[in-house]
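Here is the structure we will look at.
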Amino acid sequence: MTLHFPQPAGAHARRRLRVLDIGPGQGTQALRLARAGHLVTGLEADPAMLAVLRAAVAGEPDEVRGRLVVLQGDGRETGRHFGPACFDVVLCHGVLMYVPDPEPMLAALARVLAPGGLLSLLVRNGDALAMRPGLLANWVGALDAFGATGYTNRLGLATRADRLEPLTATLAGIGVPLHSWYGVRIFTDTAPDQARAPQDVQELGLLLAAEERAGRTDPYRSVAALLHLCGVRG
Numbered sequence: 002m003t004l005h006f007p008q009p010a011g012a013h014a015r016r017r018l019r020v021l022d023i024g025p026g027q028g029t030q031a032l033r034l035a036r037a038g039h040l041v042t043g044l045e046a047d048p049a050m051l052a053v054l055r056a057a058v059a060g061e062p063d064e065v066r067g068r069l070v071v072l073q074g075d076g077r078e079t080g081r082h083f084g085p086a087c088f089d090v091v092l093c094h095g096v097l098m099y100v101p102d103p104e105p106m107l108a109a110l111a112r113v114l115a116p117g118g119l120l121s122l123l124v125r126n127g128d129a130l131a132m133r134p135g136l137l138a139n140w141v142g143a144l145d146a147f148g149a150t151g152y153t154n155r156l157g158l159a160t161r162a163d164r165l166e167p168l169t170a171t172l173a174g175i176g177v178p179l180h181s182w183y184g185v186r187i188f189t190d191t192a193p194d195q196a197r198a199p200q201d202v203q204e205l206g207l208l209l210a211a212e213e214r215a216g217r218t219d220p221y222r223s224v225a226a227l228l229h230l231c232g233v234r235g
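Residue numbers for the sequence shown follow this note's numbering, beginning at 2 and rising by one.
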């Protein structure tokens, strides 16, 4: 993802970016970026997750805490918190599947994104909803998933999925045309929830390399469980 961050002029220049993380949850991305020197704002709607995030931030060194602001709020209401064009990067990972109509939220995110800025989305792949039940030999579930617009996630919640073509059109319509896209969780989506990552460093490296390669290669990326889309503000 950071490969697509806006780059300053000069081969050795480094820029401190203004990052908005929508729905940061426990803060994995927000903390990583703040530790890397970026100025991060986390906007979290869920009070329970907000408490978890604030506890995680409290455990960081002073310099990291000074670069990370945590607010309670909904990504659809960014206008209440921020002015236009005030962020270089906006992350919205694992959030759109819980939003019945994504277009108002995406338009709100585009509004706060500076020209040349990156909008990074991680969404459920609506073009491949039959893959997981099919690979698990759940044939009824696989047949039901064809043509479906939503699914029940592993938490038992009814959620929605996004198809690449309509979402690409939406991004173009809000002035943040798609720059690149990747598949996520291609070979590992059927792993049980309690499964641990490989403890062997070499095996883990091979797993990640295989997923990364498949995620940028057709036709594999088209059947991924998730899609990672990167749009750039015009």
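Each residue gets a CB set at the ideal place from its N, CA and C atoms; glycine is no exception.
Taking all protein chains in view, the Cβ of Val141 is surrounded by fewer than 16 other Cβ atoms within 10 Å, so the residue is classified as exposed.
Its chain contains Gln27 as the residues whose beta carbon lies nearer than 6 angstroms to that of Val53, once the 5 sequence neighbours on both sides are disregarded; these appear in chain order.
The way I'd put it, the stretch 57 to 64 doesn't touch the stretch 86 to 106; fewer than three beta-carbon pairs between them come closer than 8 angstroms.
Non-local C-beta neighbours of Arg164 in its own chain, meaning closer than 7 angstroms and more than five positions away in sequence, comprise Gly127 and Asp128, ordered along the chain. Assignment of Thr171 by DSSP, reduced to helix, strand and coil, places it in the helix class. Excluding sequence positions up to five before and after Phe147, its CB lies within less than 7 angstroms of the CB of Ala131, all in the same chain and listed in chain order.
Cβ-Cβ distances below 6 angstroms link Val70 to Thr42 in the same chain, with the five nearest sequence neighbours on each side left out; the list follows chain order.
Between Gly95 and Gly24, the C-beta gap is smaller than 8 angstroms, which places the two residues in contact.
Per DSSP, the unbroken alpha helix (DSSP H) holding Thr29 starts and ends at Thr29 to Arg36.
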